[in-house]
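Just below is one structure, and these are the notes that go with it.
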Amino acid sequence: MATSTPAKRTAAKKNTDNTSTVETIASPDPELASKLTPEVLAAIDVKDTYANPPAELSDRDPELLKKLYHGVIRGRAFEDRMHSMYRSGDLLGSYYSGNWHEAIGAGIMAAMRDDDWFAPLHRDVTAHLMRGMPPEQIMASFMGKAIGPTGGRDGTLHYGRLDLRTYNPPSHIPANFPVATGFAFASKYRGEDTVTVAICGDGSTSRADFHEAVNLAAAQDLPIVFVVQNNQWAYSTPLPLQTHSATFAIKAVAYGIHGIKVDGTDAVAVYDAMAEAIERARSGGGATIVEAVTMRMHGHAEHDPADYVPREMLEEWSKKDPVELLEKRLIDAKVITEDEAKQTREDARKWAIEARKIAIAAPMPDPSNIEDGIYAE
Ligand SMILES: Cc1ncc(C[n+]2csc(CCOP(=O)(O)OP(=O)(O)O)c2C)c(N)n1
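Start counting the sequence shown at 1011; every next residue gets the next number (this note's numbering).
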């Protein structure tokens, strides 16, 4: 049963001395939240499946479940490798971990078509990998190597590939949102049935570009899904200081679109929410905000010790490891055996180690092509 919902029961308030106090609250505004009964939410087309028990897997397509499983296992193996690469000095700068976000990436990617458009941000490595980005290319990006998607021009996370219909995450966030709305506008204008999926974090929803992008997409009935990864923190800013909305999904009401709040540690639940939202967008039903709830278990990036995050919060969320939860459910449902699970983890570990070797051996960029791709006269 997913009745234990840590985010609903505790949150942190930042004090002036940069420490945090844990408060037991139901949401940023408990009084408002208590009025949001299932009937009210249904009437305004906002679904809240966050506290639902995990779905039965017996009648599910085993291939889909295995796809989700391999996605989260590889995502975790990659994240683990990147943490150790940061510590051993392989990377030029820091690393923005997508640890505990793997189920969101896998659920999104399993629901998307290859020809759909994707506009991710900094914690979406699992999705990049499932979309076909080789792991050594992502590692190479963080090392400024020539085999990185930018040819070494970027030394961190701004890697995309238009041949994979994946837009480069911008530095100023969520500047990917207006661009994603442009993708969706183009799909509609050209009469194509492709859908765009854009991702941002809870903190990014406070920015003007979030509002402008969602509002335009809504007003134009564009085929797009906006995913808000609610991981409780935006650098050191906790949720209660970010918004007074009861949820992020409910912001959809103000734009006149659909909203779904889902457990972001449950890959199957994320898949279900995304499949529903993508199908609606593809068939002309307009945009959706999908709020996927998880926790940022590392610092904002690996250089950040995150002393402002209360221990109790980390302890509670450590019980909701998206990889372990999915693995256990698949073993219990006999979709995979324990031996297969062990082997899959080991294969993924070796795959990530091999990728590191390739990235380490790759050359730095050739300085003579520094002006390639610059379009000024
Ligand atoms: C416009 C802008 N302001 C500030 C930053 C610095 N910055 C990068 S990530 C981040 C926190 C973002 O929080 P959230 O949107 O919740 O995403 P998360 O990192 O938690 O996944 C900040 C403040 C930035 N990149 N762009």
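Where a beta carbon is used, it is the ideal one built from N, C-alpha and C, also for glycine.
Less than 8 angstroms divides the Cβ of residue 1176 from the Cβ of residue 1130.
In this structure, the beta-carbon distance from residue 1078 to residue 1336 falls below 8 angstroms. Distances from the alpha-carbon of residue 1375 to those of 1164, 1185, 1188 put 1164 closest. Nearest C-alpha to residue 1369 among 1107, 1264, 1147, 1128: 1147. Taking a 10 Å sphere around the C-beta of residue 1279, we find 16 or more other C-beta atoms and assign the residue as buried. Burial state of residue 1318 is buried, judged by a 10 Å Cβ sphere holding 16 or more other Cβ atoms. In this structure, the CA atom of residue 1118 is about 30 angstroms from the CA atom of residue 1321. In the structure shown, residue 1240 adopts extended strand secondary structure according to DSSP, grouped into three states.
In this structure, residue 1260 has its beta carbon at no less than 7 angstroms from each heavy atom of ligand 1. In the three-state DSSP reduction, residue 1268 falls in the strand class (E or B). Taking the Cα of residue 1217 as reference, the smallest distance to any Cα among 1227, 1330, 1252, 1384 is reached at 1252. For the pair residue 1311 and residue 1084, the CB atoms are not nearer than the 8 angstroms cut-off.
For residue 1208, the shortest separation between its Cβ and any heavy atom of ligand 1 does not lie below 7 angstroms. DSSP, reduced to helix, strand and coil, places residue 1191 within a helical segment of the structure shown. Per DSSP, residue 1258 lies in no beta strand (DSSP E) and is assigned neither H nor E.
Taking a cut-off of 8 angstroms for Cβ pairs, the stretch 1193-1203 and the stretch 1140-1156 do not touch, as fewer than three such pairs fall below it.
Setting aside the 5 residues that flank it on each side, residue 1071 has no residue in the same chain whose C-beta is closer than 7 angstroms to its C-beta. Counting other Cβ atoms within 10 Å of its Cβ, residue 1170 reaches 16 or more and is therefore classed as buried. Residue 1236 and residue 1287 have their alpha carbons spaced roughly 9 angstroms apart. Beta-carbon to beta-carbon, residue 1272 and residue 1234 are separated by about 17 angstroms, too far to satisfy the 8 angstroms threshold. Cβ-Cβ separation between residue 1081 and residue 1140: approximately 5 angstroms, consistent with a contact (criterion under 8 angstroms).
By the C-beta density criterion, residue 1102 is exposed, having fewer than 16 other C-beta atoms within 10 angstroms. Shortest Cα-Cα distance from residue 1052 to any of 1061, 1268, 1074 involves 1268.
Its Cα nearest to that of residue 1276, the residue 1062 stands out among 1161, 1108, 1172, 1062.
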